[in-house]
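K.L.:
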Amino acid sequence: MTVTTKKSKATSKKAGPPNIQDSIYVQGARVHNLKNVSVSFPRNKFIVVTGVSGSGKSSLTIDTLFAEGQRRYAESLSAYARQFMARMVKPDVDFIKGLCPAIAIEQKVITRTPRSTVGSMTEVYDYLRLLFARTGKTISPVSGQEVKKDDVADVIEAIKKQKAGDKVLMLIPFKQHKNRKPQEELNILLQKGFTRIYDGEVQSIEDLLEAKSWKPAKETYVLVDRMIVKDFDEDDIHRMGDSIGTAFYEGEGSMVIEINGSVKRTFSNKFELDGIVFEEPVPNLFSFNNPFGACPTCEGFSQVLGIDADLVIPDKRLSVYEMAVAPWKGDKLGWWRDQFIKGARKFDFPIHKPVIDLTKDQYTTLWQGNEFVQGINDFFREVEANLYKVQYRVLLSRYRGRTQCPDCNGYRLRKEALYVKVGGLHIGELCEMPVRDLQQWFADLKLSVYDQQVAKRILIEINHRLKTLMDVGLGYLTLNRLANSLSGGESQRIQLTRSLGSNLTNSLYILDEPSIGLHSRDTERLIRVLKELRDLGNTVVVVEHDELMMREADHIIDMGPLASHLGGEVVAAGNYDEIINNENSLTGKYLKGEMTIDAPKTVRKWTRSIKVEGARQNNLQNVTAEFPLNTFTVVSGVSGSGKTTLVKQILYPGLQKIKGEFADKVGLHKSITGDIDLIAQVEMVDQNPIGKSSRSNPVTYIKAYDEIRDLYAKQPLSKTRGFQPKHFSFNVDGGRCDACKGEGEQIVEMQFLADVHLTCEVCGGKKFKEEVLEVQYKGKSIYDILELSVDEALEFFAAEKDIVNRVRPLSDVGLGYVKLGQSSDTLSGGEAQRVKLASFLGKGKGQGQILFIFDEPTTGLHFHDIRKLLASFNALIEQGHSILVIEHNTDVIRSADWVIDLGPEAGDGGGTIVYAGVPSGLKKVKESYTGKFL
């Protein structure tokens with residue numbers, strides 16, 4: 003379908019800049035495929051930039067607006083600071099007026115370190131540390147009593163509470179140094195200004211020195227001061243304060259008051275109880291990234307090298323009797339299993355019950371043993387005692403792996419930090435709660451009046467961040483969840499939480515598809531958060547295809563009309579109504595309903611399937627799901643309901659194992675059965691890059707480059723010069739430029755600065771030697787071919803059927819705008835996924851039946867591209883393959899043959915199948931959030 007572009011040019015060239023005061027005005031942007039675009043972004047508004055994939059949305063927002071904002075910020079720094087930053091290139095634009103500080107929140111998992119957690123990324127953990135340091139109560143593990151430290155005021159308060167007329171003595175214990183006689187100690191006390199000793203009666207030190215034969219009794223004290231209780235005036239209080247201060251100092255932290263010669267009370271300004279000296283709570287005590295607070299065994303990583311339970315009991319579906327414990331096998335080591343089975347009768351241990359079904363106590367007994375049996379831990383102790391024998395060393399190595407730290411139980415902190423509690427829980431227990439439950443816990447938290455005053459500001463910050471995490475649909479995450487285990491969408495929404503927490507104003511926020519991985523229910527919440535950001539006085543620019551987002555936006559900029567060289571213009575700009583009434587806007591036509599993604603007239607019937615039974619990984623609640631073959635199946639449900647767990651952690655690795663391929667650890671389940679023999683292989687088509695090196699590109703990935711090289715080797719000039727296909731490859735020596743080795747650029751390493759990329763001086767960035775570039779086909783050299791877009795290449799090679807058949811799938815999946823030689827590290831996740839899809843489409847039927855698994859393939863796709871994607875899916879099914887998709891997009895769900903909807907909620911509230919059947923039936927299910935949005 004083509005869209006006329008005459009009017010779009012008129013739209014893109016506005017007459018003169020509008021009022022600069024209330025907008026950010028970009029004039030003449032030419033980055034990548036932008037065609038001299040001039041456009042204004044109204045300030046303090048929620049703006050959506052949309053358009054087909056490759057139309058120039060990211061070029062305009064990230065590569066122009068954000069890049070210029072960043073560069074201006076860098077320019078404002080001192081020359082000294084600038085030398086440590088990568089040189090920022092000025093984007094190709096005439097000028098940008100009214101630009102404010104820019105913050106880009108991209109779709110990237112921004113950290114790989116195992117130390118970074120959700121709590122530390124959102125700053126909630128920093129405030130929790132402060133809360134525990136200021137209001138935490140240290141509880142002794144021996145007596146369960148609170149550890150307190152007395153100060154001068156506590157002692158004065160205790161004296162004031164006595165009855166008028168009571169006699170009070172302030173005493174410190176008499177201590178004798180092992181090398182000194184009692185008389186020497188008395189002399190020292192006299193020199194310090196003390197005059198009396200108390201051992202049941204008050205005696206003068208001078209008298210005792212004269213007596214010479216005095217020896218201290220068991221309870222002997224030095225008298226610091228004495229007084230009679232009355233209405234104390236200010237002078238009395240000062241005197242008491244001085245005396246108590248002296249007593250604490252001389253008594254090395256402890257002192258005694260005696261009332262009326264009978265009652266004694268001990269005070270200590272040391273932090274100790276039950277004979278243990280505790281650490282005083284300070285923020286660093288609760289930091290696992292600080293040597294002071296980190297658990298000394300695991301150094302704050304929560305895991306150590308030890309016995310891996312998953313290796314010892316690899317299949318939890320087996321019982322102890324069925325040899326679930328892997329090392330208890332053979333003639334000799336089988337004795338351990340036999341003694342356990344014999345002893346189990348004495349305390350009713352269920353030896354025929356699968357390990358997965360054992361209670362927590364029974365599972366602990368299997369490991370720890372008891373008075374009747376020896377457990378797995380006893381077995382490994384014996385193995386460790388025999389490590390001088392080589393066979394035991396080999397045996398132990400088989401079962402070693404990363405396991406939870408035994409000292410801190412995975413909480414990452416030293417034990418002293420875990421003695422400190424707020425509301426009865428320590429900081430590690432709070433971090434294990436899902437955000438949803440944690441928010442409720444803080445709502446119910448009762449603090450003393452004093453603690454409330456201290457924690458008031460801290461609690462405001464914590465509650466604000468927890469609320470934002472709930473609003474962006476991340477209530478199912480725990481604070482101790484590792485940052486590197488999050489998806490791109492989750493990571494982006496966590497950065498959004500941090501930005502909201504910092505309450506910046508007058509800034510420009512640029513977000514790249516924040517709705518990815520979000521169910522429509524959660525998108526509504528996300529929009530509220532973005533509006534909150536706008537209401538603080540910020541300009542929020544969102545690159546987005548979501549219909550809900552567009553309906554709620556204050557201003558929409560539609561890029562297009564098509565992709566790559568056919569795009570790069572502003573087709574339409576204005577509010578929602580103006581967009582849907584604009585003739586040129588492809589987006590408008592879809593929003594208006596002129597163009598639609600129609601659901602198929604009939605759904606495919608199926609007779610064969612693969613069944614997963616008893617899935618219990620993460621939050622799945624003993625789920626049994628049937629996945630039809632030779633159909634298009636969608637797994638839907640709110641974010642965090644268990645879709646990824648069921649498909650990517652159980653079904654996919656489980657099938658790989660059955661097929662005898664290498665696979666990751668399979669999640670807990672009873673069995674995978676059904677027509678598994680029908681499928682030749684399982685392919686996970688994810689959004690990971692198609693190649694790590696800058697040499698990898700779409701045309702080599704889909705194997706079309708081989709045909710192109712053959713064609714160039716057949717040209718007359720090639721034959722004259724003796725060129726073979728290898729001479730037209732930039733991966734091997736021969737025809738490629740020797741200076742840059744076919745990279746087109748040379749990298750200068752700058753030690754501690756960013757590497758500098760310079761265009762190769764020898765080949766001018768063209769990757770090949772001059773004599774190779776002289777070989778031409780229809781007037782184009784091999785370098786010119788790599789610069790063609792997919793659609794241009796299809797036109798150019800129309801006569802070469804082999805090349806067209808190889809390249810066409812890229813166009814079919816909506817990548818007609820991508821250059822053949824575009825480096826794969828510049829492709830987005832969605833584009834990389836579609837290149838993989840094209841490579842399978844190009845292979846045709848000779849590859850056996852494949853089960854394709856896609857995780858959110860509509861990421862980064864416009865309605866128009868989703869249409870092409872669905873057509874590609876149908877083409878694969880026609881070839882006899884099966885397609886399984888994890889997806890939230892309602893158009894894709896409508897187009898499926900079979901839907902499995904998980905939920906109803908996220909986290910603990912999810913993990914069950916709400917509905918399984920044809921899409922039309924989902925609308926009738928009241929519990930399903932997906933049904934409501936269909």
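Mapping of the sequence shown onto my numbering: position 735 corresponds to residue 737, and the numbering continues sequentially without gaps. Where a beta carbon is used, it is the ideal one built from N, C-alpha and C, also for glycine. This structure is a prediction, so every number in the text was calculated from the model and none was measured.
1) Touch check for the stretch 549-567 and the stretch 490-506: three-plus C-beta pairs under 8 angstroms?
2) Helix, strand or coil for E159, going by three-state DSSP, please let me know.
3) Is it buried or exposed, R869, if we count other Cβ atoms within 10 angstroms and call 16 or more buried?
4) Enumerate in chain order the residues of its own chain whose CB-to-CB distance from A682 is below 8 angstroms, with the five nearest sequence positions on each side excluded.
5) Note down the Cα distance separating T722 from R697, rounded to an integer number of angstroms.
6) Specify, as a first and last residue, the run of the beta strand (DSSP E) that V51 falls within.
7) Going by DSSP, which residues form a beta bridge with A419?
8) Write down every uninterrupted run of the alpha helix (DSSP H) in the stretch 875-930 whose length is 4 residues or greater and which is fully enclosed by it, in chain order.
9) Roughly how many whole angstroms lie between the Cα atoms of S10 and V50?
10) Using three-state DSSP, classify K232 as helix, strand or coil.
11) S25 bridges to which residues according to DSSP?
12) Evaluate L719 with the Cβ neighbour count: other Cβ atoms within 10 Å of its Cβ, from every protein chain shown; 16 or more gives buried, anything less gives exposed.
13) If T52 and I558 are in contact, beta carbons under 8 angstroms, what's the gap, nearest whole angstrom?
14) Specify, as a first and last residue, the run of the alpha helix (DSSP H) that N122 falls within.
15) Do the CB positions of I784 and Y714 come within less than 8 angstroms of each other?
16) Give a yes or no on whether the C-beta atoms belonging to A800 and V809 are separated by under 8 angstroms.
17) Using a Cβ-Cβ cut-off of 6 angstroms (strictly less than) and excluding sequence neighbours within five positions of S522, which residues of its own chain qualify?
18) Exposed or buried, K194, counting other C-beta atoms within 10 Å across all chains shown (16 or more means buried)?
19) Could you please give the first and the last residue of the uninterrupted alpha helix (DSSP H) stretch that includes S60?
20) Against chain C, does L432 count as a neighbour if the rule is that its beta carbon must be under 8 angstroms from one of theirs?
21) Relative to the alpha-carbon of G167, which residue among G919, D579 and I230 has its alpha-carbon at the smallest distance?
22) State the Cα-Cα distance for the pair I207 and V224, rounded to the nearest angstrom.
23) Whose CA, out of P700, G412, S270 and R402, lies closest to the CA of T299?
24) Excluding the 5 residues preceding and the 5 following D363 in the sequence, name in chain order all residues of the same chain whose CB lies nearer than 7 angstroms to its CB.
25) Rank Q441, K780 and G475 by C-alpha distance to the C-alpha of Q717 and give the top, closest one.
26) Confirm, please, whether the CB-CB distance from W330 to T635 is below 8 angstroms.
27) Whole angstroms are fine: how far does the CA of V544 sit from the CA of G724?
28) Below 8 angstroms between beta carbons: does that hold for G882 and N624?
29) Out of D688, T626, I678 and G676, point me to the one whose CA is closest to K650's CA.
30) Is the Cβ-Cβ distance between F280 and V149 less than 8 angstroms?
31) For the beta strand (DSSP E) that contains H557, what are its first and last residues?
32) Taking all protein chains shown into account, do 16 or more other C-beta atoms lie within 10 angstroms of the C-beta of Y592, making it buried, or fewer, making it exposed?
33) If contact is defined by three or more beta carbon pairs under 8 angstroms, each pair taking one atom from either stretch, is the stretch 174-181 in contact with the stretch 211-228?
34) Between F381 and the rest of its own chain, which residues show a CB-CB distance below 6 angstroms, the 5 nearest in sequence each way excluded?
35) Using a threshold of 8 angstroms, state whether the C-beta atoms of C762 and L510 are closer than that.
36) Could you tell me the alpha carbon to alpha carbon distance between S791 and N699, rounded to whole angstroms?
P.N.:
Quick answer:
1) no
2) Counting from 1 along the sequence shown, the entry for residue 159 is found at position 157. E159: helix per DSSP, three-state reduction.
3) Walking along the sequence shown from the start, residue 869 turns up at place 867. So R869 counts as buried.
4) Your numbering for residue 682 matches position 680 in the sequence shown. Same-chain partners within the cutoff: Q849, G850, Q851 and I852.
5) For the purposes of this step, residue 722 is taken as residue 720 along the sequence shown, with counting starting at 1. For the purposes of this step, residue 697 is taken as residue 695 along the sequence shown, with counting starting at 1. If you take the alpha carbons of T722 and R697, they lie about 29 angstroms apart.
6) Translated into positions along the sequence shown, residue 51 becomes position 49. Residues F48 to G53.
7) Looking up residue 419 in the sequence shown gives position 417. Paired residue(s): none; A419 is not in a bridge.
8) 892-896 and 921-924
9) Against the sequence shown, residue 10 aligns to sequence position 8. Against the sequence shown, residue 50 aligns to sequence position 48. With a pLDDT of 38 at S10, under the threshold of 50, the modelled position of this residue cannot be trusted; read the value that follows with caution. Rounded to whole angstroms, S10 to V50 spans 18 angstroms at the Cα level.
10) One-based indexing of the sequence shown puts residue 232 at position 230. Reduced to three states, the DSSP call for K232 is coil.
11) On the sequence shown, position 23 is the one that residue 25 refers to. Answer is P44, bridged to S25.
12) Walking along the sequence shown from the start, residue 719 turns up at place 717. Exposed, because fewer than 16 other Cβ atoms sit within 10 Å of the Cβ of L719.
13) The residue given as residue 52 occupies position 50 in the sequence shown. The residue given as residue 558 occupies position 556 in the sequence shown. So it is a contact: roughly 6 angstroms between Cβ atoms.
14) Taking the sequence shown and counting its residues from 1, the one referred to as residue 122 is at position 120. Rather than Asn, the amino acid found at residue 122 in this sequence is Ser. Element bounds for S122: V120 to M123.
15) One-based indexing of the sequence shown puts residue 784 at position 782. One-based indexing of the sequence shown puts residue 714 at position 712. Yes, the pair counts as a contact, with Cβ atoms nearer than the cut-off.
16) The count along the sequence shown starts at 1 and reaches residue 800 at position 798. The count along the sequence shown starts at 1 and reaches residue 809 at position 807. No, they are not a contact pair.
17) As a position in the sequence shown, residue 522 is number 520, starting the count at 1. Excluding positions up to five away in sequence, the list reads F935.
18) For this step, residue 194 is matched to residue 192 along the sequence shown. Its Cβ having fewer than 16 others within 10 Å, K194 is exposed.
19) For the purposes of this step, residue 60 is identified with residue 58 of the sequence shown, where counting begins at 1. Counting along the chain, the alpha helix (DSSP H) containing S60 begins and ends at K59 to L62.
20) Within the model displayed, chain C is absent; a lone protein chain is all it includes.
21) Within the sequence shown, residue 167 is the residue found at index 165, counting from 1. The shortest C-alpha separation from G167 is found at I230.
22) Against the sequence shown, residue 207 aligns to sequence position 205. Against the sequence shown, residue 224 aligns to sequence position 222. Each residue's Cα considered, the two are about 10 angstroms apart.
23) The count along the sequence shown starts at 1 and reaches residue 299 at position 297. The shortest C-alpha separation from T299 is found at G412.
24) One-based indexing of the sequence shown puts residue 363 at position 361. Excluding residues within five positions, none has a Cβ falling inside 7 angstroms.
25) Counting from one through the sequence shown, the residue named residue 717 turns up at place 715. Taking only the C-alpha atoms, the option nearest Q717 is K780.
26) The count along the sequence shown starts at 1 and reaches residue 635 at position 633. The count along the sequence shown starts at 1 and reaches residue 330 at position 328. Result no, Cβ atoms of T635 and W330 do not sit closer than 8 angstroms.
27) Within the sequence shown, residue 724 is the residue found at index 722, counting from 1. Within the sequence shown, residue 544 is the residue found at index 542, counting from 1. Straight-line Cα distance between these residues: approximately 54 angstroms.
28) Translated into the one-based positions of the sequence shown, residue 882 becomes position 880. Translated into the one-based positions of the sequence shown, residue 624 becomes position 622. Not closer than 8 angstroms, so no.
29) What you label residue 650 is simply residue 648 of the sequence shown in a count that begins at 1. Cα-wise, what sits closest to K650 is D688.
30) As a working mapping, residue 280 is identified with position 278 in the sequence shown. As a working mapping, residue 149 is identified with position 147 in the sequence shown. Closer than 8 angstroms, so yes.
31) Along the sequence shown, read from residue 1 onward, the residue named residue 557 stands at position 555. From DSSP, the beta strand (DSSP E) with H557 extends over H557 to G562.
32) On the sequence shown, position 590 is the one that residue 592 refers to. It counts as buried.
33) yes
34) Stepping through the sequence shown from its first residue, residue 381 is reached at position 379. Excluding residues within five positions, the ones whose Cβ falls inside 6 angstroms are W338.
35) Within the sequence shown, numbered from 1, the residue matching residue 762 stands at position 760. Within the sequence shown, numbered from 1, the residue matching residue 510 stands at position 508. For C762 and L510, no; Cβs fall outside 8 angstroms.
36) The residue given as residue 791 occupies position 789 in the sequence shown. The residue given as residue 699 occupies position 697 in the sequence shown. Going from the Cα of S791 to the Cα of N699 covers about 12 angstroms.
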